[in-house]
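Take a look at the structure set out below.
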Amino acid sequence: MTVDLTWTGSQFLDPVAHTADIVTAMGAVDLTTKDETWCDSVAAACARYHGLPDGSVRVAAGATQLIEVLLRKHYRGLVVDVTPGFHLTATICAQAGWHREAAVVREPEELLPALEPYLDRPEAIISLSSPRNPLGYQFALAAITSLLERARGVVVLDEVYVDFADYSALSLIRDHPNLYVVRTFSKAWGLANLRIGFAASAAFAAGATIPLIPNAVSGIAQRAASHLLAHPKSVVESIDAARQARDRMIAALREIPNLFVWPSQSNYLCLETPLAEELAARLAERGYPVRLLHDLKNYPADFPVGLRFTVPCEPHADAVLETVAAVHDRAVIR
């Protein structure tokens, strides 16, 4: 049996039961007609669920589409990409021929110093993620607030894994119209195959527009998202289970010598170990493919070697922990 730990969706939602629940809730769907052109009902439901101002949410075909649209809307000559992170911003800039500069940030306290040269430049779009991929930690709300207060340009914050975290920057949008927070239904909410996400900003409530494509989100995706927002119990329970398993794994991994595990507010863990390649190979042999950090696009070459894996449910979590410990124990013995 193979459990793919390279995929960063939730391992704690039963895919059969989850899909059946959504299909049953939708009932008979007329595939010959369209649902809402601009997903207004889903946008309103997102705002209610997260306690956001009316009119502050826009829905599109996934977080990736929203990030691309926001970058295209606001590009004025410079995109500052906080790395390491998901390669989307770099890919869009390369395709469009835009000027991109990478701001390499390893420790959370390095964020503002790394962005210092760009804060007074109104043309600079700052793109970053929190929780970070692949490192897993969140930037503190105080740091994000300082960034928003000092940045003269737009800040696009990718929060696709924040459902697994302790807090969200959605609480900051009311006071900072230069902030766009992007979220997804693909990860914790289990709708990856339907492609739906949302962006939130006070700028939307004030009348700002972005060039969304009409009818880009299927009616099935809209209905599924609306159903889960109205009946989130199974999703919330799966998130709680993932968080508990994550924290238990972190505690166990910290007992293993010659291994560093980053603190995580996501549903994956990032390990740094000189035995990364051997460990990845051994995990793959046991049916647990993982991602080597330096196989990720644009991962800083001078960062320590390591790997990222999604937190699995039992008995797989114990099997992963046993494998990590065994590989490092053998290295100590040799």
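So for the sequence shown, the working numbering puts the first residue at 627; every next one is plus one. Backbone N, C-alpha and C fix where the C-beta goes; we use that ideal spot for every residue, glycine too.
Nearest-angstrom Cα separation, counted from R674 out to D656: The residue you call residue 656 lines up with position 30 of the sequence shown. The residue you call residue 674 lines up with position 48 of the sequence shown. Straight-line spacing of the CA atoms in D656 and R674 works out to 27 Å.
Status (buried if at least 16 other CB within 10 Å, exposed otherwise) for K859: Counting from one through the sequence shown, the residue named residue 859 turns up at place 233. K859 comes out exposed.
Same chain only: Cβ atoms within 7 Å of A750, ignoring 5 sequence neighbours per side: Taking the first residue of the sequence shown as position 1, residue 750 is located at position 124. Answer for A750: L704, V706, Y744, G779, listed in chain order.
With 16 other Cβ atoms within 10 Å as the buried cut-off, status of Q1030: Nothing about residue 1030 can be read from this structure; the chain reaches only from 627 to 960.
Beta-carbon spacing of F823, L692 below 8 Å: Here residue 823 corresponds to residue number 197 of the sequence shown, with the count starting at 1. Here residue 692 corresponds to residue number 66 of the sequence shown, with the count starting at 1. A quick correction: the sequence has Gly, not Phe, at residue 823. Yes, the pair counts as a contact, with Cβ atoms nearer than the cut-off.
Segment contact flag, the region 927–941 with the region 895–911, C-beta cutoff 8 Å, min 3 pairs: The region 927–941 is in contact with the region 895–911.
Closest residue to R849 among D647, L879, Y914 (Cα-Cα distance): Working through the sequence shown from its first residue, we reach residue 849 at position 223. Among D647, L879, Y914, the Cα nearest to that of R849 is on D647.
C-alpha gap between E735 and I770, whole angstroms: The residue labelled residue 735 in the question sits at position 109 within the sequence shown. The residue labelled residue 770 in the question sits at position 144 within the sequence shown. Roughly 11 Å between the two C-alpha positions.
Q870 versus G688, F790, A847, residue with shortest Cα-Cα distance: Here residue 870 corresponds to residue number 244 of the sequence shown, with the count starting at 1. Answer by Cα proximity: F790.
The region 750–770 / the region 887–897 touching (three or more Cβ pairs under 8 Å): The count of Cβ pairs closer than 8 Å, one atom from the region 750–770 and one from the region 887–897, reaches three, so the stretches are in contact.
D661 versus V668: straight-line alpha-carbon distance, rounded: Counting from one through the sequence shown, the residue named residue 661 turns up at place 35. Counting from one through the sequence shown, the residue named residue 668 turns up at place 42. The alpha-carbon atoms of D661 and V668 are separated by roughly 11 Å.
Residues bridged to D784 (per DSSP): Sequence index remark: in the sequence shown, residue 784 carries index 158 (1-based). D784 is bridged to S755, V808.
Candidates M652, A643, V782, Q637, of which the one nearest G845 by Cα: Position 219 of the sequence shown, counted from the first residue, corresponds to residue 845. Ranking M652, A643, V782, Q637 by Cα distance to G845 puts M652 first.
Span of the alpha helix (DSSP H) around L909: The residue you call residue 909 lines up with position 283 of the sequence shown. Segment 902–911, the alpha helix (DSSP H) holding L909.
Cut-off 6 Å between Cβ atoms - residues of its own chain near A951, not counting five sequence neighbours on either side: Residue mapping note: residue 951 aligns to position 325 of the sequence shown, counting from 1. So the list reads I882, once near-sequence residues are dropped.
Reference L838, options T645, C672, V629, L696, closest by Cα: Counting from one through the sequence shown, the residue named residue 838 turns up at place 212. Closest option to L838, Cα to Cα, is L696.
Same chain only: Cβ atoms within 7 Å of S794, ignoring 5 sequence neighbours per side: For this step, residue 794 is matched to residue 168 along the sequence shown. Only E785, V788 meet the Cβ criterion.
Cα-Cα separation, L678 to A831: Residue 678 sits at position 52 when you count from the first residue of the sequence shown. Residue 831 sits at position 205 when you count from the first residue of the sequence shown. L678 and A831: Cα-Cα distance of roughly 10 Å.
Span of the alpha helix (DSSP H) around L854: Reading the sequence shown from its first residue, position 228 is the one you call residue 854. Note, L854: alpha helix (DSSP H), 845–856.
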